[in-house]
Every structure is written in C-alpha cells, then in structure tokens.
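Everything below concerns the one structure shown next.
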Amino acid sequence: MVKAIFFDVDGTLVSFRTHTIPASALEALHTLRAKGIKLFLSTGRHPVMLRSVEGLFSFDGAVTLSGQYCTAGGQVLRSNPMPPEAVEELVEAAGDDAFSCIFLEGEDIYVNCINDYTRRFISDLSIDMPPVRPARYALGRTVYQAVTFLDKEHERLLLDRAPHLKTTRWHPNFLDVIPPTGGKDRGLDAILDHFGIPLEESMAFGDGENDLSMLVHAGIGVAMGTASDEVKARADYAAPSVDEDGVARALEHFGLL
10 MVKAIFFDVD
20 GTLVSFRTHT
30 IPASALEALH
40 TLRAKGIKLF
50 LSTGRHPVML
60 RSVEGLFSFD
70 GAVTLSGQYC
80 TAGGQVLRSN
90 PMPPEAVEEL
100 VEAAGDDAFS
110 CIFLEGEDIY
120 VNCINDYTRR
130 FISDLSIDMP
140 PVRPARYALG
150 RTVYQAVTFL
160 DKEHERLLLD
170 RAPHLKTTRW
180 HPNFLDVIPP
190 TGGKDRGLDA
200 ILDHFGIPLE
210 ESMAFGDGEN
220 DLSMLVHAGI
230 GVAMGTASDE
240 VKARADYAAP
250 SVDEDGVARA
260 LEHFGLL
C-alpha cells in the first residue's frame, strides 16, 4: 500500500511548456490527499524557487537541492552541505569564468557569470536570474548544490578537477553538483524516517538522471515520458509526459485513482 509519493518538479509535475501543474495532476493530488497519502516535492530547486508550485498545492514536505535540504511542517529534517574541499574544487574549476555556475546556499543564490545556457535554464524554470558574484565568493560559505552549465563535451572542465564532488545530469547542457553523500534517495529516506513510513510503501516520479537514485530506491519508481531510455529502463513504470497527463495516468495504472 502506497502511503507516500515524491514528485520531481520540472518536467515531471510542472510542464516546461506551460510552467505550471496540469489540471489532471492537481486533481490527482487532491484525490490522493483525501485518501490520506502523504505528498512531497523532490527537486533540485532551491526552496525559494518552489513558491509558485507550493502556491498551487500544499505539500506535506519537500526534498530540495537534490536531497541536501529537506523539510516538513516547518522543520529541517536533513541539512547536508558540501564539504569545504569540494567547494574549493568547484570554485577553482569555475574560476576566471571557465563556465557559468549557479551556487545554491541555504538562503543565498548567485551565479559567477551568465551565458546562453544560463539564460535558457532561467527561462525553462521561469525563475529570476540570480545576482552575479565571482566564484571565489563561495569560499568558506555553506553551499548545498551548484548548477554548472557544461554540456557533455566540456564536463571534464569540472570532473577532472573535483574528486570530492558528486554530479548528476538532468539536461544535456546542465550538470548538478552535490556533496558525495548527496542524492534524492537520501532525502527520501529522511522524509520517510520522520513520518515513520516504510520504504516499500513509497512511490516516486521523475524524468532526469538526477531522479534515478530516487526512482530505484523507492518502493515504486515512475519515469515520465521525457526521461532518457536509461531512466525508463530502470524505473518500474514509464508514464506519458507531463503534458500528456502522465502523472494522473501512472496513478491510475497503479490503482491509486
């Protein structure tokens, strides 16, 4: 029996085309809530980037910053920043604006420089552009995650210089950078432990490679239609895309609607 469901945001619960939650998914959320199922966001976004989504539905908690910062009921359940040596490696790699990088702290968000990839990211997520600060500003600060604008051809600019970092990719041009002990699966565990819900009674939806750890860890993992073949192959079920009512149709498939 499913008692907790975790939803990635961008490309899963929120459409890149409309920048909102489809009516079918919103209706499904209300139906699940009426059944007593706990509902959570699980995203790479910073908490302040979730206001538009949380304004549409009151979730029971959130796994944010790809599992590094998790909350429920106003309580912080997990706080897992990058170790200082990892921040130093990231700053050194991005120094002299070698690539654009958004640094995500507990309260502060900033970018070292802006390029076309950065502008596309901001447009796709329909959020405000962070202020520009030099990469070295992050030294000695509490950084939970970074978004590095590196395609696969250029990702070695970071990967070859950052042994203390863990990376996941959810877009061909963007690479999420998190602590070695990070991941959405760790955030899922923190939420479940808090509510006393067994792992086998959890369900997760996602579409990116950064969702994969969560999808294979949860009791049931659902990959959306826009997910890569690898993510779909490792999930328990491949749903249609968010714009094709994928969330509601997957829930119907598993008898939850």
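In this note's numbering, the protein residues as written are 10 to 266. Just so you know, even glycine gets a beta-carbon here, dropped at the ideal spot from N, CA and C.
> Would R145 be called buried (16 or more neighbouring beta carbons within 10 Å of its own) or exposed?
Replying inline: Classification for R145: exposed.
> What residue does the alpha helix (DSSP H) around R26 start on, and which one ends it?
Replying inline: Here R26 belongs to no alpha helix (DSSP H), and DSSP marks it neither H nor E.
>> Let me make sure I understand the geometry here. Which of K193, T157, R243, V231 has the alpha-carbon closest to that of Y78?
In response: That would be K193, whose Cα lies nearest to the Cα of Y78.
>> Buried or exposed, going by whether 16 or more other CB atoms sit within 10 Å of the CB of M10?
In response: Exposed: under 16 other Cβ atoms inside 10 Å.
> If you drop the 5 nearest sequence neighbours on each side, which residues of the same chain put their C-beta closer than 6 angstroms to that of M58?
Replying inline: I136, listed in sequence order.
> Under the rule that 16 or more other beta-carbon atoms within 10 Å means buried, what is D198, buried or exposed?
Replying inline: Buried, by the Cβ-count rule.
> For F49, which of S61, H55, F66 has the nearest alpha-carbon?
Replying inline: Residue F66 holds the alpha-carbon nearest to the alpha-carbon of F49 among S61, H55, F66.
> Roughly how many angstroms lie between the CA atoms of A155 and P92, to the nearest whole one?
Replying inline: Using only the alpha carbons, I get a separation of about 13 angstroms.
> Relative to the C-alpha of V100, which residue among P143, A71, G76 is closest?
Replying inline: It is P143 whose Cα lies nearest to the Cα of V100.
>> Please state whether the Cβ-Cβ distance between F68 and N124 is less than 8 angstroms.
In response: Contact: no.
> For G230, which three-state DSSP category applies?
Replying inline: In the structure shown, G230 sits in a strand (DSSP, three-state: E or B).
>> Would you call the segment 233-248 in contact with the segment 209-225, where contact means no fewer than 3 C-beta pairs closer than 8 angstroms?
In response: Cβ pair count under 8 angstroms is three or more, so yes.
> In three-state terms, what does DSSP make of G76?
Replying inline: Residue state, collapsed to three classes: helix.
>> Can you list, in chain order, the residues of its chain with a C-beta nearer than 8 angstroms to that of E210? Leave out the 5 residues immediately preceding and following it.
In response: The beta carbon of E210 is closer than 8 angstroms to those of M10, V11, K12, A13, G228 in its chain, skipping five residues each way along the sequence.
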